[in-house]
Amino acid sequence: CARPGPCTSACASTIDGAMRWVLALYCLASLTAAGSSAFHLVTAAHRFNTRMLPMQLSAAYWGHSLRVLGMSSHPDPGVGSIWGRKLGWKLLALLSFAKEVPDEDIILFVDAFDVLLLDPPRVFLEKFAKVANRTGAKLVIAAEEAPGFRASDHPSQAHRWRYLNSGAMVGTSAAWRELLKDPPPPVLPERYVSDQDWVIDMYLNTSALGGLMRLDAECELFQVTCRVRPVLATRGECPPSYDAVVLEGGRAKNVVTGTQPSLLHLSGPGHWPVAVPGRDPSCHYYEVARVLLPEVILPLESAVVWSGKPYSAICQDDVSLVRHVVLDVLAWASVRAGALGAVLLSLWALRALRCTAQMARGSHSHSHEP
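For the sequence shown, full-length UniProt numbering assigns the number 1 to the initial residue and increments by one for each residue that follows.
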């Protein structure tokens, strides 16, 4: 980790072995060149965030090289209703990346905080090639069963996964540039809740780019859900009818379509905090990850850092390790420094309350985070 930024500061921290290994994987991924590979796994984040760890670790486990776009290069996403509309920067970052690589390179663009990779690149590319050859599509986008923006305008499908979900999208560089040839502004118009709504408009208003785009309605590549059975720790906001995804032979399987997707997207309540005995807070996203990928996920429960075990931050909103360390240092100083400590403790408490308020107003009202 030679260049400045969150990677450098994380690697410089004094953390015990398992956490050091986890952060090393992050640093390696963030420094990976976009150059020669014909397949690019890409996400977007404005800073290192602990919630990214399951996605990063699943990618590393299966041999993917991850490229993180947008580190320290775009406006603060903010909170409240403006938060989702500021996600236009994600699409602009992706457009810039697509312009850097050859037309036929394949770009898989995923959400950062609630996705798990389940196959190596070779298997994923084989599945994508089958879909593309069968349908003629050059850009395949995840489908979900939860209706959202312009739900009634979505065409019928053979199965109940008929609504576009932008948390996982794959296509050629040329197809991405076609989608974004009239790029969105960094702050989207008020009619949109998030960048996903902009993509939905493009899909519906252009007849799927004249057939260039296609929803993965059979869940061959992508599975969007908020529940994987029989994993517990499911939020009540996840409807009981969302019961099609099961664990079978160490894999996630859709029992309706009969497919085993290469990517799992635990959207909405699938990544919201929930109490689990011995792991509080946890979330369905983390519980599924520890079952599917125990070799790389379970070390997060044994590592110890100043802020506690790192898994505990994955399912919360105020999750920067650096931020947790700063707050812990302030709390320690408040105990040691008398009157000055009282001031520091007050600042610490106010900061914690502000973070809690942000969490209540922020991402729990938006199921599609960067």
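We treat Cβ as the ideally placed atom computed from N, Cα and C, and that holds for glycine.
- Assignment of Q157 by DSSP, reduced to helix, strand and coil, places it in the coil class.
- Along the region 241-306, the beta strand (DSSP E) occurs as fully enclosed runs of 3 or more residues at 245-248, 251-254, 263-266, 274-276, 279-282, listed in sequence order.
- The residues V42, A44, L69, I107, F109, W176, L180, in chain order, have a CB closer than 8 Å to that of L94 in the same chain once the five nearest residues on each side in sequence are set aside.
- When only Cα atoms are considered, G84 and T135 end up about 32 Å apart.
- With a minimum length of 3 residues, the unbroken runs of beta strand (DSSP E) contained wholly in the region 113-163 fall at 115-117, 139-144.
- With 16 or more other Cβ atoms inside 10 Å of its own Cβ, R51 counts as buried.
- Rounded to the nearest whole angstrom, the C-alpha separation of T259 and R214 is 17 Å.
- One alpha carbon belongs to L87, the other to D111, and they sit about 12 Å apart.
- I107 has H40, G171 as its beta-bridge partners, per DSSP.
- DSSP, reduced to helix, strand and coil, places F97 within a helical segment of the structure shown.
- Measuring C-alpha to C-alpha distances from H284 to each of A233, P261, P299, V291 identifies A233 as the nearest.
- Per DSSP, the continuous beta strand (DSSP E) segment holding L69 begins and ends at 66-69.
- Counting the other CB atoms within 10 Å of its CB gives E104 a total below 16, which places it among the exposed residues.
- Rounded to the nearest angstrom, the gap between the Cα atoms of N205 and L300 is 44 Å.
- Secondary structure at T225: strand, using DSSP grouped into helix, strand and coil.
- Rounded to whole angstroms, the gap between the alpha carbons of Y163 and H271 is 19 Å.
- Distances from the alpha-carbon of K127 to those of A303, P183, E218, A244 put E218 closest.
- Judged by pairs of C-beta atoms under 8 Å, the region 188-201 touches the region 136-153, as three or more such pairs exist.
- N205 carries a helical assignment under DSSP once its states are collapsed to helix, strand and coil.
- Look at the beta carbons and you see the region 178-197 not touching the region 233-243: under three pairs across the two are nearer than 8 Å.
- Rounded to whole angstroms, the Cβ separation of I314 and L53 is 6 Å, and the two are in contact under 8 Å.
- In the DSSP assignment, L87 falls outside any beta strand (DSSP E), carrying neither H nor E.
- Assignment of R214 by DSSP, reduced to helix, strand and coil, places it in the strand class.
- G63 places its beta carbon 8 Å or farther from that of V115.
- Inclusion of I297 and A289 in the CB contact set at 8 Å is warranted, their separation being smaller than that value.
- Nearest C-alpha to P273 among L266, H265, S267, S282: S282.
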